[in-house]
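Participant: The structure's right below; bear with me while I get my questions together.
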Amino acid sequence: MSNIEPQHARLIELIAQWEGRINTSHLQQAFNISRQTATKSLQAYCREHPNNLHYNPSLKGHVPTSSFQTQYCKGSIEEYSQLISDREGPSTESPFCQIEAPLRNIDPTVIRPILKAIRDKQRIDIGYASVSNPDYEERIISPHSLVFSGLRWHARAYCEKNQDFRDFVLSRFNGVFNQEGAAAFNQEHDKKWNTWINLIIEPDPRLSPAQRRIIELDYQMKNGQHTLKTRAALIMYLLQKLNLEQYKPTAEAQQIIVNSQCWKEIEKYLPN
């Protein structure tokens, strides 16, 4: 059984990994704890993970070893930047800045019946509007999952009107609903949702060898490729996130492409 608070351990790992040194003052400032408590946490971490940190007297702190491996977090720069933002609060002096996308209007009172239908595996009759049908119309759906694409939230649900599984943008429900009993089609029936596929990306061949090496480093490619695993139902959103849904006229704008053989395999899962 661990003798260290998970939040303390997470901070120790992220600060050590990204700043190269962790000491008790980091813990004291982050959690408003005494030096004694901070020392106990740091010592407990070092006892439980002796191969991760060693004390450097000249730096007056613990530094990561060559075999350092995170145990309480992924160790991503996103986690580190969030940690710093949470610790320091909004500040013009922060070394991190994120571009905020406009948030869709999602009313909790509208989403509650959808969440209940997911939990209880129920059919629900609810008003929905779309770009092709801007006037609200009743849809009987059987939702099984909520998905965040990076820009919007949607419900993955069986639609009785289309007799197929579709994606419904959460901000387009009106919240007027009726329960319609047990769902006949659930997650287990959603073939695209349950099908996992590999998206293989590689540098645009129009780039020079030196340019391709830079792209390979950017995306941690091995042998000129990087593979991303995703559900077939979500492949279009992944392509959009990677800016790959359209082929660009110049290699510098394109930078990465989908492997040609991979494209043939995933094409059947893309919208017509």
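Residue numbering for the sequence shown is 0 to 271, as defined by numbering that gives the first Met the number 0. The beta-carbon is built from N, C-alpha and C at its ideal position, and this holds for glycine as well.
Could you pull out every residue in the same chain whose Cβ sits closer than 7 angstroms to the Cβ of L150, ignoring the five residues on either side in sequence?
Facilitator: Excluding sequence neighbours, L150 sits near A100.
Participant: Name, in chain order, the residues that DSSP records as bridge partners for F164.
Facilitator: F164 pairs with Y157.
Participant: Tell me whether P208 is buried or exposed, calling it buried when 16 or more other Cβ atoms sit within 10 Å of its Cβ.
Facilitator: Result: exposed.
Participant: Check whether the Cβ atoms of R122 and S141 lie closer than 7 angstroms to each other.
Facilitator: In this structure, S141 lies closer than 7 angstroms to R122 by Cβ.
Participant: From the DSSP output, in three-state form, read off R205 for me.
Facilitator: DSSP places R205 in coil when its eight states are reduced to three.
Participant: Could you spell out the range, first to last residue, of the beta strand (DSSP E) harbouring P63?
Facilitator: That run of the beta strand (DSSP E) goes 60 to 63.
Participant: Can you find the residues in the same chain that come closer than 7 angstroms, C-beta to C-beta, to K39, ignoring five residues on each side of it along the sequence?
Facilitator: Nothing listed; no residue qualifies.
Participant: For a minimum of 3 consecutive residues, which ranges assigned as the beta strand (DSSP E) are wholly contained in the segment 35 to 111?
Facilitator: Complete beta strand (DSSP E) runs here, min 3: 52 to 55, 60 to 63.
Participant: Can V168 and R155 be called in contact, C-beta distance under 7 angstroms?
Facilitator: No, the pair does not count as a contact, with Cβ atoms beyond the cut-off.
Participant: Are E201 and Q224 touching if we call contact CB-CB under 7 angstroms?
Facilitator: Yes. Within cutoff.
Participant: Specify the secondary structure class of A231 as computed by DSSP and reduced to three states.
Facilitator: Of the three classes helix, strand and coil, the one that applies to A231 here is helix, per DSSP.
Participant: Should E12 be labelled buried (16 or more other beta-carbon atoms within 10 Å of its own) or exposed?
Facilitator: By the 10 Å Cβ count, E12 comes out buried.
Participant: Beta carbon of I199, beta carbon of N258: below 7 angstroms?
Facilitator: Yes, the Cβ-Cβ distance between I199 and N258 is below 7 angstroms.
Participant: Can you give the beta carbon distance from N55 to V62, rounded, assuming they're within the 8 angstroms contact cut?
Facilitator: So it is a contact: roughly 5 angstroms between Cβ atoms.
Participant: With a threshold of 7 angstroms on Cβ separation, who are the neighbours of H143 within its own chain once the five nearest residues in sequence on each side are excluded?
Facilitator: Answer for H143: I117, R155, A156, N185, Q186, D189, listed in chain order.
Participant: By Cβ distance below 8 angstroms, which residues in the same chain neighbour I105 in space, the five residues on each side in sequence not counted?
Facilitator: Within the same chain, I105 has close Cβ partners W152, L169, S170.
Participant: Please list, in chain order, all residues of the same chain as L238 whose beta carbon is under 6 angstroms from its beta carbon, the five residues on each side excluded.
Facilitator: Closer than 6 angstroms at the Cβ level, and outside the excluded window around L238, lie E244.
Participant: Taking 7 angstroms as the threshold (C-beta atoms), are T64 and H53 in contact?
Facilitator: Yes.
Participant: With DSSP as the reference, label R151 as helix, strand or coil.
Facilitator: In this structure, R151 counts as coil in the three-state DSSP scheme.
Participant: For L145, name the three-state secondary structure that DSSP assigns.
Facilitator: DSSP places L145 in strand when its eight states are reduced to three.
Participant: Could you tell me the alpha carbon to alpha carbon distance between Y71 and L41, rounded to whole angstroms?
Facilitator: Their backbone Cα atoms lie some 14 angstroms apart in a straight line.
Participant: Count the other CB atoms within 10 Å of the CB of G60; is the residue buried (16 or more) or exposed (fewer)?
Facilitator: Answer is buried; the Cβ neighbour count reaches 16.
Participant: Mapping DSSP to helix, strand and coil, what is I113?
Facilitator: Here I113 sits in helix by DSSP.
Participant: Classify L26: buried if its beta carbon has 16 or more other beta carbons within 10 angstroms, exposed otherwise.
Facilitator: It counts as buried.
Participant: Counting along the chain, where does the beta strand (DSSP E) carrying F30 start and finish?
Facilitator: Not the beta strand (DSSP E): F30 falls in the alpha helix (DSSP H), residues 23 to 30.
Participant: Is R165 close to chain B? Criterion is C-beta to C-beta, closer than 7 angstroms.
Facilitator: As a matter of chain content, chain B is missing from the structure shown, which is built from one protein chain.
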